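Residue numbering for the sequence shown follows my numbering, starting at 17 and increasing by one per position.
From the three backbone atoms N, C-alpha and C, an ideal C-beta is built for every residue, glycine too.
Computed from a predicted model, the values in this text were never measured in an experiment.
For reference, the structure is listed below as structure tokens.
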Amino acid sequence: MQAKERVILALDVNTEDEAITLVKKLREHVGLFKVGMQLYTAGGPQVVRRIQDLGGSVFVDLKFHDIPNTVASAGRVMTRLRCAMFTTHASGGTEMLRALAQAVEDEAANLGVKPPLVLAVTVLTSIDQRILEEDLLIGGMTVKDVAVEWACLAEAAGAGGVICSPLEAEEIRAVCGPEFKLVTPGIRPRWAAKNDQKRITTPGDAIKLGADYIVVGRAITGADDPVSAAMRIADEIEQAEGELSVN
Ligand code: C5P
């Protein structure tokens with residue numbers, strides 16, 4: 017896998033036109049395009065198809081969380097849409113995750129296509145210890161403990177990977193299998209603005225901590241020269257991979 021293929025560009029824009037402009041500019045320089053709630057609710061599956069028509073692989077980030085039958089049905093739709101990966105919540109539980117993973121596998125087999133990677137969100141990085149204990153009523157555990165437990169639960173239920181903070185990646189990598197994919201947002205190269213992200217990691221450090229893919233938005237889209245920003249990030253990943261293979 018080339019280093020640039022590990023970069024997922026977050027298309028956090030409101031319109032299909034803005035998204036397509038970014039895709040055209042950056043399709044040679046990143047691995048996937050992430051269509052999240054903002055863009056999907058504005059543009060629908062049509063945006064995904066247009067990106068695919070331009071040769072882009074799509075990560076649909078809608079974080080499904082519902083009863084097993086409903087989430088499984090959404091997973092079949094994602095499979096028919098031919099997205100490369102999509103998200104659900106690990107906190108939906110084993111039954112929901114199993115139904116989803118099975119539905120995706122069945123639908124892909126029926127179509128004769130590769131199944132999309134089912135990624136489970138562990139603990140959102142916006143959730144801190146207070147929210148965990150006082151709002152979600154999960155006591156006696158740290159956020160990191162919960163993230164690791166939910167990653168294990170997701171893997172056992174058939175998910176192909178998780179979305180996690182790079183700061184949790186090392187622990188999750190240690191307990192989950194080598195094929196289990198870790199996708200980490202909250203990435204900022206040293207040369208980029210932090211914006212509203214607080215617990216951030218550089219692209220190279222995220223890879224060294226065990227991430228397979230990194231989600232990057234504004235460090236690329238907000239750069240004066242997005243193409244060279246994407247190239248610099250790919251270089252940093254390549255360098256980190258080199259250091260990992262030496263150690
Ligand atoms: O612009 P920036 O690189 O901060 O964008 C990060 C992307 O990753 C956004 O689409 C954001 O919604 C997403 N994300 C995140 N932190 C999480 C989960 C998702 O920043 N914990």
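Measuring from the CB of residue i, is there a heavy atom of the ligand C5P at a distance below 7 Å?
| i | result |
| --- | --- |
| Asp69 | no |
| Gly220 | no |
| Thr110 | no |
| Leu183 | no |
| Val51 | no |
| Gly233 | yes |
| Pro205 | no |
| Asn30 | no |
| Gln213 | yes |
| Ile223 | no |
| Ala125 | no |
| Ile179 | yes |
Is residue i buried or exposed, if buried means 16 or more other CB atoms sit within 10 Å of its CB?
| i | result |
| --- | --- |
| Ser142 | exposed |
| Gly59 | buried |
| Met101 | buried |
| Gly108 | buried |
With a Cβ-Cβ cutoff of 8 Å, do residue i and residue j count as a contact?
| i | j | result |
| --- | --- | --- |
| Thr95 | Pro61 | no |
| Leu152 | Thr110 | no |
| Thr200 | Trp166 | no |
| Ile203 | Val232 | yes |
| Ala106 | Val164 | no |
| Ala235 | Val23 | no |
| Ala175 | Ala136 | yes |
Using CA coordinates, which residue listed in the options is at the minimum distance from residue i?
| i | options | result |
| --- | --- | --- |
| Ala88 | Leu97, Val262, Leu113 | Leu113 |
| Ile230 | Ala246, Ala115, His81, Ala175 | Ala246 |
| Ala35 | Gln18, Gln54, Lys20 | Gln54 |
| Val76 | Pro84, Asp69, Thr86, Gly91 | Gly91 |
| Ser261 | Ala239, Ile223, Gly238, Ser244 | Ile223 |
| Leu279 | Met17, Val39, Gln18, Lys20 | This structure does not reach residue 279, given that the chain is present from 17 up to 263, and the question cannot be answered. |
Would you say the segment 219-227 touches the segment 37-45, given that touching needs at least three Cβ pairs under 8 Å?
The answer is no - the segment 37-45 does not touch the segment 219-227, with fewer than three Cβ pairs under 8 Å.
At least 3 beta-carbon pairs within less than 8 Å: the segment 146-158 vs the segment 176-188
Segments in contact, no.
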